[in-house]
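A short write-up of the structure that comes next.
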Amino acid sequence: MNVQSSNFDRKDLDAFRSFQRQSFATLEEVEGQLRAGMTEKQAADMLRRAFAHRGVHAYFHVPVALFGTRTAYPGNFGRFEALPTEQVLEQGMPVILDAAPIFHGHVVDTSLSTTLGRNATHARLFPELAAFRERILGRVRERQSFRAIEREAHSMIRALGAENCHRKHIGAVIGHRVYRTPDYPWNRIALGGLSLAHVGWLLWKSVAAIKGWENDSPNWNHKRTSAHAPFPGLWAVEPHFAVDGVGVKFEEILVITEDDAHWLDDEPPHVKRWNVLRRSA
Numbered sequence: 029m030n031v032q033s034s035n036f037d038r039k040d041l042d043a044f045r046s047f048q049r050q051s052f053a054t055l056e057e058v059e060g061q062l063r064a065g066m067t068e069k070q071a072a073d074m075l076r077r078a079f080a081h082r083g084v085h086a087y088f089h090v091p092v093a094l095f096g097t098r099t100a101y102p103g104n105f106g107r108f109e110a111l112p113t114e115q116v117l118e119q120g121m122p123v124i125l126d127a128a129p130i131f132h133g134h135v136v137d138t139s140l141s142t143t144l145g146r147n148a149t150h151a152r153l154f155p156e157l158a159a160f161r162e163r164i165l166g167r168v169r170e171r172q173s174f175r176a177i178e179r180e181a182h183s184m185i186r187a188l189g190a191e192n193c194h195r196k197h198i199g200a201v202i203g204h205r206v207y208r209t210p211d212y213p214w215n216r217i218a219l220g221g222l223s224l225a226h227v228g229w230l231l232w233k234s235v236a237a238i239k240g241w242e243n244d245s246p247n248w249n250h251k252r253t254s255a256h257a258p259f260p261g262l263w264a265v266e267p268h269f270a271v272d273g274v275g276v277k278f279e280e281i282l283v284i285t286e287d288d289a290h291w292l293d294d295e296p297p298h299v300k301r302w303n304v305l306r307r308s309a
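Going by my numbering, the first residue of the sequence shown is number 29, and it counts up by one from there.
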């Protein structure tokens, strides 16, 4: 399969940036429609309909809505427990909306951390994410290994008295590759909303790295397969942590080149919200 995971030019990055903005706009659209009494499944269905309106019919992972303590991935949170449930949204609950839509063969993966009404723990934790965004970019520019960067993020989480939730993500990832394929009809085949071509490629590369057949894992975590300098390409970065049943995260694309790195977009929604909080402090 013809997958492009690196060597993106300015036109390519402009396309990914446009699609990432569309994805965030969709999350914010549904955020504005959340009401007490809704279930996670209803919110996820709203996301699917909103993405379909933008021409999306396949995903790298399906839209997810997490309410309340489920934002914190409590206990031995299984790899598929993030799928939407009948959990009901109540006033004051934290919320995470997350989706990885595929726009014309381009994978983007975005996440929005919010609340329905006031939540004091979320109000305290959410601004702390800004330090992770800055530190991760800085360490990538220093060419520290992916594993070392995740472990430093883990130490930062522990220093906050928080629990590391991204180690409970599938693959224990703080980040993963995003990429594109030609927008051919056979690359649009989906099962349960998941793109077989895009998901299949990542699964193959993951297994090949774990088995030692290849040395270019698409996953960024604290394990042996991430003990290397940052690979060039586009990486969806998603630090995620929790305190007292309240989880917070962001997710956006980081552009890594042979000798530098930058965020795909300077002001995604979470950055704009942090800036508002700083100005009002």
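In this text, a Cβ means the ideal position worked out from N, Cα and C, and glycines have one as well.
So residue i packs on residue j, CB below 8 angstroms; how close in whole Å?
i      : j      : result
GLU56  : PRO112 : GLU56 to PRO112, Cβ: 18 angstroms. No contact.
GLU178 : TRP248 : 7 angstroms
HIS250 : ALA200 : 7 angstroms
GLY221 : TYR87  : 5 angstroms
SER139 : LEU153 : 14 angstroms between Cβ atoms; not a contact.
THR142 : GLU59  : 6 angstroms
SER254 : PHE174 : 4 angstroms
ARG208 : VAL135 : 7 angstroms
By the three-class DSSP mapping on this structure, what secondary structure does residue i have?
i      : result
GLN32  : strand
THR285 : coil
HIS197 : coil
PHE95  : strand
PHE269 : strand
HIS81  : helix
ILE124 : strand
VAL274 : strand
HIS150 : helix
VAL235 : helix
THR113 : coil
LEU144 : coil
SER173 : coil
HIS256 : coil
PRO155 : helix
GLN50  : helix
Among all the DSSP beta bridges, which residues are the ones paired with residue i?
i      : result
TYR87  : PRO129, LEU222
HIS204 : ASN247, ALA264
TRP291 : LEU282
GLU191 : ALA270
HIS134 : PHE131, ARG208
THR67  : VAL116
SER139 : ASP126, GLU279
Please name the residue, chosen from the options, that lies closest to residue i on a Cα-to-Cα basis.
i      : options                       : result
GLN115 : ASP126, PRO129, ASN104, THR99 : THR99
ASP293 : GLN32, LYS39, SER46, ASP40    : SER46
ARG205 : PRO260, GLU180, TYR212        : PRO260
ALA71  : VAL92, ALA53, PHE52, SER51    : VAL92
VAL168 : ILE238, ALA181, LEU157        : ALA181
LYS300 : ASN35, ARG252, PHE52          : PHE52
VAL271 : ALA43, PRO122, ALA128, ASP42  : PRO122
I want to know whether the stretch 266-280 touches the stretch 191-203 - three or more CB-CB distances under 8 angstroms. yes
Do three or more CB pairs link the stretch 271-285 to the stretch 215-235 at distances below 8 angstroms? no
Count Cβ pairs between the stretch 80-89 and the stretch 102-109 that sit closer than 8 angstroms; are there 3 or more? no
Is it true that the stretch 214-230 meets the stretch 88-96, where meeting means three or more beta-carbon pairs spaced less than 8 angstroms apart? yes
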